[in-house]
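**Student:** Below is a structure I'd like to ask you about.
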Amino acid sequence: MRRYLYDGSLEDAPVERFDVVLVGQGIAGLYTALRLDPSLKCALLAKSDPQTSSSWLAQGGIAAVMIAEDARASHIEDTLVAGAGLCDEKAVRMLIAEGPRDVQTLIDWDVPFDLDDTGNVRLTREGGHSANRILHCGGDATGRGVTQRLAEIAGGRPNLWIRDQAFLIDVIVEDGETAGVLAWDNGYRIFQAPHVVLCTGGIGQNYEYTTNPASSTGDGIAAALRAGAVVQDMEFVQFHPTALMSRDPSRRFFLISEALRGEGAVLRNVQGERFMQGSHPLAELAPRDIVTREIMREMERTGSTFAYLDSTHRSSEYLRDRFPTIHEECLRQGIDIARQWIPVRPVQHYMMGGIRTGLDAMSNVPGLYSVGETACTGVHGANRLASNSLLECLVFGRHCAQSIGSSGRRVRTGAVPAPRPPLPAGKADLPELRWLLRHRMMRNAGIVRRTQDMRDTLAFVRDMKNTLETAAVATLDHVELLDMATVSEAVLAAALDRTASVGAHFRESDPEEAAEVADLSIPPQGGTPS
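Going by this note's numbering, the first residue of the sequence shown is number -6, and it counts up by one from there.
Pasting the structure below:
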């Protein structure tokens, strides 16, 4: 693996010095930054503005036990069941025990959570949950509501230097310790810091069909691998069961939140028949991997490219008030969800795996942290429970900030990567390679996986990665595609290693989950910088 993605010398690159560099301006990056000691000088970088982050697009809410009628033990059990036996129980217990504290912090910071008729925070239910414990903002605009408020607060913090057009190239490591990042910000720029926090989101753009924004190309995970970080659970890629069938499949798919199913919407095949009642005791509210596979089976059985979500039992007024974003988007596409069924299909949505971290959010590389979808904390196991991801951003973001505050590490002022010899100009057709990668990952490392297909795709990815690594890095498109190839290689290698189907990882050759191998025995990847 190529260590750094630049050619020539960086001796003329501007150098900035900070106590902490955070990469990513979604909820994970913003909340972590706001929980840091305000005496620390921090850079908050991202390759695009917060309004294009996955956090901003998140329709689902935040799961937390906020009332006496609910119980932490129930939330823990729901999380462990969804994770199919592969969750880190210690991490899960910390998440659920401490989550209400961080949700209360958001309330104290005036995040506009929805209220019920009595003026208390309104709690709803989503798939896999046994009680009403989901908080929302603006009905189905929770991510936007939380991100917008956190960004407002961050903009007023004098210790935060915010830059939303800085593209992460690499994590700088010196003598085995984190020393900053190399980014492209109108040219190469070095941000020296003893603490780097990667919050770059997921890997959705590695798949042909996804709800993720264009920025979700796995940059943080790829840079961490090049820096010697360990990644884990990369085989567990979650597909959301219900995305609106797009007129243009090359665009990001619009997510139809499972909160709609929590309010009684049901799934039907193209013949109008319900099909989830006999598949799982929770029917439409079963864990996402189960609902996703059942939809795919019905699509295959009926020869269709979609199924239907039926919310016509609710009035137009109710749906407009409770799900304004979904209601508006469907109307824009000619669908009145109070009178017409919504055509939906499963698409890539979330990455359970990522940079392996401890409870303090730090990786195996001293000073390198990760929070949010980029990280693998162990709370999700083989399949994430709905609305636990935003809670994870909060709890582990706070722990990350506390760990940094007590570390005592100082900036290494000489941390500039050495010059690299020039490489020949590349001749690869980058747009064509990108399309092929996304197409093959969707077909062969998606909802249903087959051994030979994965092997063939892994060979293709490694050949493409070698082509990109041995050519001069001339554009950010080159860097981004190489990041995508690096992450895809990790996904495929992990998927081939795990021979039993479990959670979101479903192998057609072995469709039954095998309890004896559904453990944490699959070896992690990475750990040795090139």
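Where a beta carbon is used, it is the ideal one built from N, C-alpha and C, also for glycine.
At a cut of 8 Å, does the segment 70 to 77 reach the segment 382 to 391 through at least three beta carbon pairs?
**Tutor:** no
**Student:** Have a look at Ile183, Leu15, Phe499 and flag the residue whose alpha-carbon is nearest the alpha-carbon of Asp5.
**Tutor:** For Asp5, the closest alpha carbon among the candidates Ile183, Leu15, Phe499 is that of Ile183.
**Student:** Who are the near neighbours of Lys420 in its chain, counting only those whose CB is closer than 8 Å to its CB and skipping five residues on each side?
**Tutor:** For Lys420, where only same-chain residues beyond five positions count, the Cβ hits under 8 Å are Ala464.
**Student:** Give every residue of the same chain whose Cβ lies closer than 7 Å to the Cβ of Asp0, excluding the five residues on either side of it in the sequence, and list them in chain order.
**Tutor:** Same-chain partners within the cutoff: Arg413, Pro415, Leu416, Ala465, Val466.
**Student:** Do Ile165 and Val234 come within 8 Å of each other at the CB atom, strictly closer than that value?
**Tutor:** Strictly speaking, residue 234 in this sequence is Pro, with Val absent from that position. Their beta carbons are not under 8 Å apart, which means Pro234 does not touch Ile165 by this criterion.
**Student:** Can you list, in chain order, the residues of its chain whose CB lies under 6 Å from that of Phe247, leaving out five sequence neighbours each side?
**Tutor:** Leu237, Glu322
**Student:** Using beta-carbon positions only, say whether Tyr311 and Val337 come within less than 8 Å of one another.
**Tutor:** In this structure, Tyr311 sits away from Val337, with a CB-CB distance that is not shorter than 8 Å.
**Student:** Does DSSP put Cys130 in a helix, a strand or coil?
**Tutor:** strand
**Student:** Can you say whether Arg126 is buried or exposed, counting buried as having 16 or more other CB atoms within 10 angstroms of its CB?
**Tutor:** buried
**Student:** Let me know if Asp282 comes out buried or exposed under the rule of 16 or more other beta-carbons within 10 Å of its beta-carbon.
**Tutor:** buried
**Student:** Terminal residues of the continuous beta strand (DSSP E) containing Gln231?
**Tutor:** 230 to 237
**Student:** At what residues does the beta strand (DSSP E) containing Trp154 begin and finish?
**Tutor:** Run containing Trp154: 153 to 156, per the beta strand (DSSP E) assignment.
**Student:** Hey, Ile397 and Ile319: beta-carbon distance below 8 Å or not?
**Tutor:** no
**Student:** Once DSSP output is grouped into helix, strand and coil, what is the label at Glu256?
**Tutor:** coil
**Student:** Taking the straight line between their C-alpha atoms, what separation do you get for Phe268 and His432?
**Tutor:** 29 Å
**Student:** Beta-carbon within less than 6 Å of Pro7's beta-carbon, same chain only, minus the 5 sequence neighbours each way: which residues are those?
**Tutor:** For Pro7, where only same-chain residues beyond five positions count, the Cβ hits under 6 Å are Arg182.
**Student:** Report all residues from its chain with a CB closer than 8 Å to the CB of Phe232; omit the five preceding and five following residues, and keep chain order.
**Tutor:** Arg281, Asp282, Thr285, Pro339, Val340, Gln341, His342, Gly439, Ile440, Ala497
**Student:** Name the DSSP bridge partner or partners of Glu170?
**Tutor:** Glu167
**Student:** If you run the structure through DSSP and keep just helix, strand and coil, what is Ile440?
**Tutor:** coil
**Student:** Cβ atoms of Leu485 and Thr450: under 8 Å apart, would you say?
**Tutor:** The answer is yes: Cβ separation under 8 Å.
**Student:** Out of Ala36, Lys40, Gly255, which has the shortest C-alpha to C-alpha gap to Gln158?
**Tutor:** Among Ala36, Lys40, Gly255, the Cα nearest to that of Gln158 belongs to Lys40.
**Student:** For Leu469, does the count of other Cβ atoms within 10 angstroms reach 16, so buried, or fall short, so exposed?
**Tutor:** exposed
**Student:** Pro43 and Gly19 look like a contact to me (Cβ under 8 Å); what is the Cβ gap, rounded to whole Å?
**Tutor:** 7 Å
**Student:** Since Asp353 and Cys386 are thought to touch, with beta carbons under 8 Å apart, how far apart are those beta carbons, to the nearest angstrom?
**Tutor:** In this structure Asp353 does not touch Cys386 by the C-beta definition: roughly 15 Å separates them, more than the 8 Å allowed.
**Student:** For Ala222 versus Gly519, is the C-beta distance shorter than 8 Å?
**Tutor:** Going by C-beta atoms, Ala222 is nearer than 8 Å to Gly519.
**Student:** For Phe535, I'd like the list of residues in its chain whose CB is within less than 7 Å of its CB, leaving aside the five on either flank, ordered along the chain.
**Tutor:** This structure cannot speak to residue 535, because the chain is shown only from -6 to 523.
**Student:** Please report the straight-line C-alpha distance between Ala37 and Arg448, rounded to a whole angstrom.
**Tutor:** Note that residue 37 corresponds to Leu in the displayed sequence, not to Ala. Near 39 Å, if we compare the C-alpha coordinates of Arg448 and Leu37.
**Student:** Specify whether the segment 189 to 206 and the segment 350 to 366 touch according to this definition: at least 3 beta carbon pairs, one from each stretch, less than 8 Å apart.
**Tutor:** yes
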